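Student:
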Ligand code: NAP
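Residue numbers (our numbering): 44 to 300.
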């Protein structure tokens, strides 16, 4: 069993990796006081081991104050690759408070032979891509809850949307005909394939989030020869990145004075 040198760690979470990290810290670094932070968007989030706080900090300045007030020694940014605002706030706050920061993040997926990806920068570009002829009009929207109003585009009026969400949310009127599928991943490729076939989906809208948990739909689309309109992740925050939990735990050890 390792001995933790830093004593107070803040994990910026909201991902499976962040929960796994909190559990490993509890089991392997018992001297470390770990607090996980969630944005508080999901009403019934999957909870990490150990202490939890929820809700925004109030930008970089609010996070800097939090780091000072709670005398945080180390911060690990284990947020989702698309959560650019909180990652940018962590960069500024850690610098201002002189708190060492590590980014725990999966790499984006790379295209494999037979993938039919249409990379797009944002949901507006995704809506434009979906309106292009030749993709069909039955869309599995597996890109999360944000930016869905972009799909209320008049060029997409004849489209059928199957929108998969973790929790119900209010949609724009123009999406009143969309079908909502409430489900929480991960979904295996075989399960995704059955969904795509059963609903006669012609195109998938997804985020290039990397990692195994969301990959089932990508593999299923490939197997069925379906196109995927794929949102590209924002540029990663600066600083040291690791992809696996062992490396993150080593960083906590190595960061010892
Ligand atoms: P975002 O755009 O980077 O953040 C928006 C604001 O939410 C931040 O400025 C911050 O508010 C607050 N916030 C975000 N993450 C937080 C955290 N872990 N703890 C405390 N406050 C947080 O983030 P987002 O894309 O909305 O994602 C929100 C959360 O959901 C993140 O924790 C992320 O890991 C998780 N998540 C996101 C996605 C996705 O596709 N974006 C997917 C799965 C999970 P203040 O400015 O007030 O501090």
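Ideal Cβ placement from N, Cα and C applies to all residues, glycine included.
Being a predicted model, the structure only gives us computed values, none of them experimental.
Could you have a look at residue 299 and say whether DSSP puts it in helix, strand or coil?
Tutor: At residue 299, the pLDDT of 45 sits below 50, so the modelled position is not reliable; the number obtained from the coordinates is stated separately. Coil, per DSSP.
Student: Using 8 angstroms as the Cβ pair cut-off and three pairs as the minimum, do the segment 189 to 207 and the segment 275 to 292 touch?
Tutor: No: fewer than three Cβ pairs fall under 8 angstroms.
Student: Once you ignore the five residues that flank residue 228 on each side, which residues in its own chain have a CB closer than 6 angstroms to its CB?
Tutor: 256
Student: Would the C-beta of residue 56 count as close to the ligand NAP, meaning under 6 angstroms from any of its heavy atoms?
Tutor: yes
Student: Between the segment 233 to 245 and the segment 209 to 216, can you find at least three pairs of beta-carbon atoms closer than 8 angstroms?
Tutor: no
Student: Please state whether DSSP places residue 120 in a helix, a strand or coil.
Tutor: Reduced to three states, the DSSP call for residue 120 is strand.
Student: Decide if residue 268 is buried, meaning its Cβ has at least 16 other Cβ atoms within 10 Å, or exposed.
Tutor: exposed
Student: Helix, strand or coil for residue 167? Go by DSSP, reduced to three states.
Tutor: helix
Student: Compute the minimum distance between the beta carbon of residue 230 and the heavy atoms of the ligand NAP, and state whether it is under 6 angstroms.
Tutor: no
Student: Measure the C-alpha to C-alpha separation of residue 103 and residue 266 and round it to an integer number of angstroms.
Tutor: Separation of residue 103 and residue 266 (C-alpha to C-alpha, rounded to the nearest whole angstrom) is 43 angstroms.
Student: Tell me whether residue 82 counts as near the ligand NAP, meaning its Cβ is closer than 6 angstroms to at least one heavy atom of that ligand.
Tutor: yes
Student: Can you give me the start and stop residues for the alpha helix (DSSP H) that residue 66 sits inside?
Tutor: 59 to 71
Student: What does a CB cutoff of less than 7 angstroms around residue 246 pick up in its chain, not counting 5 residues either side in sequence?
Tutor: 173, 178, 179, 182, 269, 270, 272
Student: Could you name the residues of the same chain whose beta carbon sits closer than 8 angstroms to that of residue 164, not counting the 5 residues immediately before and after it, in chain order?
Tutor: Here residue 164 has 274, 275 as same chain residues with Cβ atoms under 8 angstroms from its own Cβ, once five neighbours each way along the sequence are excluded.
Student: Of all the options 106, 156, 59, 142, which has the alpha carbon lying nearest to the alpha carbon of residue 132?
Tutor: 106
Student: Under 6 angstroms from any heavy atom of the ligand NAP, does the C-beta of residue 123 make it?
Tutor: yes
Student: For residue 80, does the three-state DSSP call read helix, strand or coil?
Tutor: strand
Student: Would DSSP call residue 235 helix, strand or coil?
Tutor: helix
Student: Flag this pair as yes or no: are the beta carbons of residue 206 and residue 221 separated by less than 7 angstroms?
Tutor: yes
Student: Taking the alpha carbon of residue 53 as the point to measure from, which residue in 86, 138, 145 has its own alpha carbon closest?
Tutor: 145
Student: Compute the minimum distance between the beta carbon of residue 261 and the heavy atoms of the ligand NAP, and state whether it is under 6 angstroms.
Tutor: no
Student: Would DSSP call residue 290 helix, strand or coil?
Tutor: helix
Student: Do you know offhand how far residue 61's Cα is from residue 72's?
Tutor: 15 angstroms
Student: Quick one: what does DSSP say residue 112 is sitting in, helix, strand or coil?
Tutor: helix
Student: Residue range of the beta strand (DSSP E) that residue 54 falls in?
Tutor: 51 to 55
Student: DSSP state of residue 191, grouped into three classes?
Tutor: helix
Student: Considering only residues of the same chain and omitting the five flanking positions on each side of residue 100, which have a CB-CB separation below 6 angstroms?
Tutor: Setting aside the 5 residues that flank it on each side, residue 100 is surrounded in the same chain by 106, 109, each with a C-beta closer than 6 angstroms to its C-beta; the list follows chain order.
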